[in-house]
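First up is the structure itself, then whatever we jot down about it.
Numbering (my numbering), first residue to last: 5 to 1755.
Here it is in structure tokens:
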């Protein structure tokens, strides 16, 4: 490595970069931010980073080249890493050659970490390239008719090949299976002729090598006969491997396209599959050619079948493209298989293969148009990506190409910066360098010699140790001094232990160095706050820039040097002004509707009016509602000189009036009439134009008033006297006489039919989508809208917890709680009142608080008001422009009723002392409920009730609130819809952030207060909260420096520390406030990234002398208790975990003189009688020898000569996590000499929550020392404690280690060394494509993408052409939700559990199971009650009870359609949905479908008829957002309707805060559905019983009440049995007796919730015996059974002798039965349920109670 050589052009380029950069980019910041100590560390940070070695350079040396040159660093002093790129071989493409070609063919590249290299690669595929076609056909007896058709296809096949190429060859091979038991019938006569007129059985035979002689091909094919075997799966994998590797025998040509046609109607055997009893006996396939002179495969008896990864690798290596031509019966097996090959094709053969030529023609076209390019043998530190602008990429990753023209591809080769958290330069050389083979499908490809540059800077190799230039206190290296420990400064001249001169750190006019915000070191300021303070004197605070709405720089810029540096597109002091006028564009595309101008993103209208909106558009509907009232006073004063504005105020009117003789009736906006209070006459006027009169506008007023006759003036005093008496009489009748009230309500004057009520009866809200902690609930008034109505309402929190609110209110009546109070003031709201810091707002706040405090001081022990602010309330009728005040009053909990009565009284009076309020509106909010009143003014139809939602961190995941309209205290309306239910669903938080405790005490002599903040991790990820200090008795900038900012917890972090700098008390303050305890608060707010705030999220920090603090607390405590001579309870108990096994417990002394304290502590959940006692003489104690990650409860009492005092309140605390112990003993199920299943048990001491396991394995020598590196596998699902490892080296010992991880880190590892070849082999039941993690011990990372298999393909309905694959995705944004309902499997030998969590597979052969000693499993079983024929049986109780009721489920009548196999939901919008389904099976023609849907909570049922049977989808509109719907689909034939398929779905979307049923335009919408229970896990207990377990659904719809389990035979035959499992636990279990051996059973489990039954989880299982043995888990046994049952009880004794003992390591049994160490099993039994006690001696005893017998 050397400094780069300067040139003229490079200097100009760098200068242009420097001048063109307006501000440093992200990379420059990254280089600057990096905490590097050397040149090498710097240049490894990023590919853009460089290092300056210039001795005279004063700036930061690690930066980008452009920044360093701009800062004055010389070009020759720059140190950078130089990458290189060189093409080593490049032969141009010759389009005349009819073969595949690539250009270039070789290159060499060296890259810096993080650097990318882009280059182009050209690939040419000719239109007619040579083709080799090899047909490999299944020759079992079931393919006899297929062979006949194949013999006749020769001519047609040749014609198809001629259309593709002029140069082709064709070959033929046949296969059956291994000629051994159990695949083949080994009787001599069957070995000679397995079927009439057939050939002897064979494995694979190359019949016709690739030839261009079509006659030879046809003639040889005519002589072929069929053969046969026994089991259904065939040995095609053996044949495919031999065809691939036997290049010379088959005749593959090097420059041709190689196509392999694989034709069969059966499934396949593969390496170590469970159906092959020879698995584990045969050695692993050696991947070599073993064909004899006749072309027959010879090693079928000695070698196992190859695995899927092996075939994928070998076919790719030899450029062979497979075409799978299979029948409908086996389609499901190969549909999953063919996706693992980069380029392949799959087609459906007819039963007699008559369509094979058409199928091949279609497959040829598909294959020839696809090209796959893969990077093989790539080091871990390098990533390759291939794209193309010419060709489109398919879903499988291949390119859709056009042949005959060279295709251009863009290759991106990127050097990683880090791999698995480790910097790439710290990896081994094999992970940083290597030869990458970039290989297209049909050619050899490009070879890249690639590597990552990780050199060391040359200047570090030439350092001067203890250099004179560094005052002999450091080394001079790379242009600067690296100081020794204890020295600092550029020349190492400053001792870090001495104080330097502070004068250079003093700013002019200040007496504190560094402005009090930093430390002076060697004449330079080192600022506090990790970047908060900046400047040469730390004079700029980056948290004190201008704010917009309380947000620093409006979150649109960054604070730098005391000013906001705005992002592009924003300006203003606080970055609150957008440069764009997009927010001012009106509906017609203009600016502000032509009535104003746009400034700072807002429209400023030329004429302000209450009836213009934000873009100066006139709201004519609002004008008509209040126009007459607004113009009334001005018209009255100008026309008649009367009214409230008469006199000089009339000059303020913005319009003039014109007296006319007659008013117009047309072309007017509003016709208005009012009564003049001064003469009782009515005057009229009209409003024309747009309804917003301006300065030059005129209102027409009728000259003549309409006055009442004056001859009856003397009646006025009489009426004035009688009317109050009449009103009083009517009021008394209304109040106290129900009959009178009913009669008055019938009068026309009393608004007959007048009603008020809520608009909706239910709202469902999601907490993460809510923009407010209140909900505006619309209330409607119907009928006659004249007059006023006032409605009182209340809301109750947590109604899902009965008695919760009443219990909370009765806990401590004297406790002070905050009461929220809202009132409507008799004054209009202005913009300044909405800004809390304006003068107008402060004046009104002071006025409100003074008057309200005067009134509420009548409430005993109430405090003064606080947190007063103002707002407007929309949808409040004619008073929605009035000001509403929100404030908080601290008062005792018992004062709620007195507070309510006092508020109602003053609201009715319209004043609080001298503060005028509008009657008819108030809200009082307590901690669990709220009450209030709203008013309907005359003519008002709708008002909003603003109800609080009581959002608390401790809320349930789904809580219910109930809003109720109580009565109508004023008005004549009757109540309609009285109740509104509100459901709030809280998403699972990723972490809970809080303080450790609510109070902290620090000494005044400390310089910094250190406050810990903790996070409890729920779902590992980032969490962020904001913090801010708040004054109490301590004042900011006098006692402490105010602090605010954000705390970011990275994944895995659980602890942060807040630092607040304390200031020394000045002399004057010491005199004035020296004895006062100084306190300030710290608040946590604004959780982000899925975090939520826990308790406490507010902390109080007390500054003072500790001894003085203790005296203050003691004196306060003494003052608060009467002195009776007895000891009180210790105060403020507080517990804090001091480690994983220690808790620090402290408290404040009680009144009196205690002689000591007695601490009682115990594990949470244990009875208090098991508590430990600890004696202490001081008010604190250390609790030691505790369990890690365990919850403890504790309390303390004082004792003295009088005895013990009362105990303190209970405190709980959890100890910290500790690394787990080593996992349980390792168990190996040896599948073959190269394949093993490794299982392990959970650590005995988890010491926390297990989050992952790490499995390592590697070769060892004879001394058990490692040979080469260990391979690591991370199992990040802690419940999957099993791993299948393939392709191990045969007869080689391996070392295996397993360790567990929790929140505290990795624990110790469990180790085992084993050579599989020395262990007995046992067959194992694995599904065709297993559902457990598989690791290929030999293949590299290129094959990881298809080494994780699932068993989806095994769950197709019988006869289905395509499998019904279950999709576990439960939450897709703007996507679709797929409900798959699997049916029966195709083959009994292939049944498995859908999504089995532990890889437990009981069919066809079970892992062996041995029970160890001394542990009883009785507690693992439920209490079982079965009701059949009026007899019952009871088993020992565990966690839940379940009942079983037999039910009959007859089969469908002939011709009736089955259930639709799949229900798919696709969201088209927040209120529309597309429902699709698959056509069900039916023997007759379908006539149509029926779709029904309704709200899950009930309501109207909607029905859709679909007469067209080909239509399998329908679009449903006008759904309610955030509401769950249930859909049911069924099909109809001539015989009637079939069973229905049901699905529940919800479209979740963000809704308008004021209208929860109105989605926000443009917001995302999400599909969600209640999930099914977790994966079903089966455990065989006996030949006729098993245990079924499952996990709780992740997303249940409602609260889980229990589960419904259905058991039936998979193929029918007997009625189904139903079990009801009560309770809700993370994992439920059920023991099912009375089963039969070798019979497949289908189990269905669905959760029963408060909303009904959720979706099903289904599984199929078979308990199979081996060799007729009675107990399938134990292999073959011989023993004596005694079944006589004399008397009430009897004993059954069985002695077992196992011939195939399972291999155990350290005494642990195999299998996944999740047993503890032990094996005593005792149960009561029935006739169907025989329970056994099995011990290591082999004794089995059973007790049978005759009263439980069933007839």
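Cβ coordinates follow ideal geometry from the N, Cα and C atoms, glycine included.
Looking at the structure shown, is residue i part of a helix, part of a strand, or coil, going by DSSP?
i            : result
residue 79   : helix
residue 1322 : helix
residue 1554 : coil
residue 3    : Absent from the structure is residue 3, since the part of the chain shown begins at 5 and ends at 1755.
residue 292  : coil
residue 241  : helix
residue 1569 : strand
residue 436  : coil
residue 829  : strand
residue 199  : coil
Once the 5 residues before and after residue i are set aside, which same chain residues still bring their CB inside 6 Å of it?
i            : result
residue 1761 : Nothing can be reported for residue 1761, as the shown portion of the chain is limited to 5 through 1755.
residue 348  : 326 and 342
residue 243  : 140, 179 and 208
I believe residue i touches residue j by the beta-carbon criterion, under 8 Å. Please report the beta-carbon distance rounded to the nearest angstrom.
i           : j           : result
residue 163 : residue 447 : The Cβ separation is near 28 Å, so there is no contact.
residue 272 : residue 240 : 5 Å
Classify residue i as buried or exposed, calling it buried when 16 or more other Cβ atoms lie within 10 Å of its own Cβ.
i            : result
residue 530  : exposed
residue 65   : buried
residue 677  : exposed
residue 212  : buried
residue 725  : exposed
residue 1270 : exposed
residue 1184 : exposed
residue 466  : exposed
residue 711  : exposed
residue 1300 : buried
residue 1757 : Here the chain has residues from 5 to 1755 only, and residue 1757 is not among them.
residue 1235 : buried
residue 1066 : buried
Residues in the same chain with beta-carbon distance under 7 Å from residue i, minus the five sequence neighbours each way, listed in chain order, please.
i            : result
residue 395  : 403, 404, 405 and 411
residue 900  : 930
residue 1457 : 1539
Among the residues of its own chain, which have a CB less than 8 Å from the CB of residue i, if the five just before and after it don't count?
i            : result
residue 1143 : 1219 and 1220
residue 498  : 491, 492, 504, 525 and 526
residue 944  : 785, 789, 881 and 882
residue 1040 : 1033, 1046 and 1084
Exercise for review: Say whether the region 1541-1555 touches the region 1603-1611, bearing in mind that this needs 3 or more beta-carbon pairs closer than 8 Å, one atom from each stretch.
Suggested key: no
Review point. Below 8 Å, can you find three or more Cβ-Cβ pairs linking the region 429-437 to the region 66-74?
Key: no
Exercise for review: Count the C-beta pairs between the region 819-833 and the region 963-976 that are closer than 8 Å, then say yes if the count reaches three, no if not.
Suggested key: no
Check your understanding: Is it a yes or a no for the region 223-232 touching the region 192-203, going by three-plus beta-carbon pairs under 8 Å?
Key -> yes
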